[in-house]
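Reading through the structure tokens given below for one structure.
In my numbering, the protein residues as written are 54 to 282.
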């Protein structure tokens, strides 16, 4: 059964993306956050799962100690369950955005829907060969080679990461009870930053279809973990 805080999260993220992408996107002037090289994007979102891992680790490290054998056993079981959830969520993030026996799921979907890597200047024999043989199938490789990812359905990787990470951290906050509430400040602060960057992504980047598909896949991993596995 879905709990109230879970319903709130499941409604908050899709409604935020839908509202901002349909009302503000294209209607407000550029800002610091419309530049993909802003410090929050480069050092936080681009390293999003690292920060999520650090936040999760802080929950485990600062668990209160117990004095009874029963409580120690229960805590150890909860710790193992939390680690299991982390491993599953990490694997999902890797498959979706990093690697799936080669290109990630997101990159594969882009290519499958007609996308490819385009170059303004194809005078280089190596670049021309790569294009002809469809060797460049990953967005990161395309951009690092000076190309432009163009033509297919580009699922918002930011939406996938930010929502996926937020739902995971929120769930861990609810599963693990800490004695010192101040230890949770890092996680709550990170959740706030992830939400803000999701809002900026919805306003300044991607079309609403790409944002909504990213939102769907961001939620899907959590749903699979909580209610299917």
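From the three backbone atoms N, C-alpha and C, an ideal C-beta is built for every residue, glycine too.
In terms of Cβ geometry, residue 167 and residue 205 form a close pair [threshold 8 Å]. Here DSSP, grouped into helix, strand and coil, assigns residue 209 to coil. When 211, 192, 281 and 268 are compared, the shortest CA-CA separation from residue 68 is found for 268.
Take residue 171, set aside five residues on each side of it, and the residues of its chain with a beta-carbon closer than 7 Å to its own are 200, 201 and 203, in chain order.
Counting only residues of its own chain and dropping the five nearest sequence neighbours on each side, residue 87 has a CB closer than 6 Å to the CB of 257. Taking 8 Å as the cut-off, the beta carbon of residue 215 is found closer than this to the beta carbon of residue 251.
The criterion of a C-beta distance shorter than 8 Å is not satisfied by residue 152 and residue 217.
A direct Cα-Cα distance of roughly 10 Å separates residue 270 from residue 150.
Across the set 238, 77, 129 and 159, the C-alpha of 159 shows the shortest separation from the C-alpha of residue 207. Residue range 238 to 257 is occupied by the alpha helix (DSSP H) that includes residue 247. Counting the other Cβ atoms within 10 Å of the Cβ of residue 54 gives fewer than 16, which makes it exposed. Membership of residue 111 in the alpha helix (DSSP H) is indicated by the continuous run 101 to 114.
If you compare the alpha carbons of 237, 58, 213 and 263 with that of residue 148, the shortest gap goes to 213.
Taken through DSSP and simplified to helix, strand or coil, residue 152 comes out as coil.
Each residue's CA atom was taken as its position, placing residue 254 and residue 136 some 30 Å apart. At the C-beta level, residue 106 and residue 221 stay beyond 8 Å of one another. Taking the C-beta atoms as reference points, residue 85 is found nearer than 8 Å to residue 91. For residue 97, same chain residues with a beta-carbon under 8 Å away, outside a window of 5 residues either side, are 104, 246 and 250 in chain order.
Here residue 202 is bridged, per DSSP, to 170. Take the alpha-carbon of residue 242 and the one of residue 248: they are about 10 Å apart. Residue 163: member of the alpha helix (DSSP H) spanning 158 to 165, first to last residue.
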